[in-house]
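With our numbering as the guide, the letters of the sequence shown map in order to residues 47 to 360.
The structure under discussion appears below in the form of structure tokens.
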Amino acid sequence: MHLLSVLDLDVKETVFLAAAAKSNPAKYAKAIAGKSVVTLYEKPSTRTKISFELAAKEMGAHVIDLPNAHLKSKHEDVFDSAKTISQYADLFAARVYSHEFLAEFSQYSEIPVVNLLSDEEHPCQALADMLTISEHCGLEGTKVAFVGDSNNVCNSLMLACASAGVDFAVASPEGFLPGEKFLGKAKQLAGASKSKLEVSSDPFKAVENADAVYTDVWVSMGQESEAKEKLAAFAGFEVTQELMAHAASQAVFMHCLPAQKGVEVEKSVIEGLQSVVFAQAGNRVHAQKAVLLALIGEQELKQKLMQGIALEEA
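The structure is reproduced here in structure tokens:
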């Protein structure tokens with residue numbers, strides 16, 4: 047089993063695992079002891095690298111960070127790399143530009159592969175987001191609004207919400223709305239879970255009565271050449287105090303970070319009382335612990351966590 051898309055794991059079950067892991071970390075400090083995790087960061091990272099390594103190490107695994115030049119050089123193809131790493135490690139996790147690389151690597155890998163971010167999805171972020179939403183808003187009868195660029199973060203969060211029965215509204219400028227590949231799947235999931243899915247180019251409509259308002263940078267890493275065009279297109283999509291006033295009275299503000307304050311979000315919003323962005327960042331550790339438990343943890347351990355049974359030391 048791999049985690050390339052947030053839908054590769056049961057969203058609600060993974061959030062439950064994350065909450066259980068967060069509630070009593072000492073009880074599973076040896077949950078994946080003796081396991082080896084290999085990571086690759088083609089795209090630089092602060093939160094992802096720190097949180098994923100902590101998640102693995104706090105449960106007893108050791109982590110080997112592979113220099114990007116080694117794996118993506120012209121001297122060794124993906125088939126050989128995947129087969130070789132499978133002989134050494136128990137799990138491979140990568141943060142890359144192209145989702146195609148992860149898809150190809152997972153095709154040949156004999157161990158689980160985790161998407162730490164690609165141009166299509168950011169599943170670990172979405173799982174941390176769902177944990178944060180469950181803590182601050184609950185999942186039942188909740189509405190999440192995403193305002194801004196319908197990027198990889200939006201794709202995974204939209205799918206996660208639709209799968210878990212959480213209403214989701216997205217507002218992006220024309221030309222930057224979710225692609226049919228992800229929107230079509232989200233519509234199917236929303237239909238099955240009886241949740242609502244709304245797509246528009248009106249931020250105020252999207253956030254109406256929303257319990258959580260989410261945004262992300264308008265110009266992602268690697269899109270610097272598009273900055274001028276995107277900044278012009280997204281004028282009017284900044285999350286401001288005025289926009290937040292149209293959300294539910296107890297609404298929270300979310301952002302995966304890093305943020306461009308004064309661009310996609312007003313400084314007073316992201317640094318204000320409604321902001322949960324740092325709790326969100328902290329939940330990356332717990333969500334990724336749940337991912338590791340699901341993929342390389344012992345089945346008995348996972349069952350105990352799901353049943354809420356305190357784990358005994360091995």
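Note that the Cβ used here is the ideal one computed from N, Cα and C, for glycine as well.
| Query | Result |
| --- | --- |
| Limits of the alpha helix (DSSP H) - the one that residue 222 falls within | Run containing residue 222: none; DSSP gives neither H nor E here. |
| Residue range of the unbroken alpha helix (DSSP H) whose run includes residue 165 | Neither: residue 165 is in no alpha helix (DSSP H) and is coded neither H nor E. |
| Contained alpha helix (DSSP H) runs [length at least 4] in the segment 169–243, N- to C-terminal order | 169–182, 198–210, 226–239 |
| Per-residue DSSP class, three states only, for residue 52 | helix |
| Helix, strand or coil at residue 290 [DSSP, three-state] | helix |
| Range covered by the beta strand (DSSP E) that runs through residue 137 | 137–141 |
| Contacts around residue 201, its chain only, beta-carbon distance under 7 Å, and the 5 residues preceding and following it disregarded | 166, 167, 224, 228 |
| Which listed residue (127, 304, 174, 80) has its alpha carbon closest to that of residue 156 | 127 |
| Cβ-Cβ distance between residue 205 and residue 162 below 8 Å | no |
| Under the three-state DSSP convention, the category residue 342 falls into | helix |
| The beta strand (DSSP E) enclosing residue 111, as first and last residue numbers | 108–112 |
| Segment limits, alpha helix (DSSP H) that includes residue 125 | 124–134 |
| Which listed residue (122, 260, 93, 344) has its alpha carbon closest to that of residue 194 | 260 |
| Continuous alpha helix (DSSP H) assignments of at least 4 residues falling wholly in the segment 290–331 | 313–316 |
| Residue from 174, 239, 279 with nearest C-alpha to residue 217 | 279 |
| DSSP-derived helix/strand/coil call for residue 258 | strand |
| Pairwise C-alpha distance: residue 135 and residue 147 | 19 Å |
| Status (buried if at least 16 other CB within 10 Å, exposed otherwise) for residue 121 | exposed |
| Residue(s) in a DSSP beta bridge with residue 87 | 141 |
| Residue 155 in three-state terms, based on DSSP | coil |
| C-alpha gap between residue 222 and residue 61, whole angstroms | 29 Å |
| Which residues DSSP lists as bridging residue 70, in chain order | DSSP, once it has assigned bridges, lists no residue as partnering residue 70. |
| Nearest candidate by alpha-carbon position, reference residue 285, set 273, 296, 314 | 314 |
| Rounded separation between residue 283 and residue 253 - CA only | 11 Å |
| Backbone secondary structure at residue 253 - three-state DSSP | helix |
| First through last residue of the alpha helix (DSSP H) which encompasses residue 98 | 93–103 |
| Same chain only: Cβ atoms within 7 Å of residue 331, ignoring 5 sequence neighbours per side | 97, 100, 101 |
| With 16 other Cβ atoms within 10 Å as the buried cut-off, status of residue 180 | buried |
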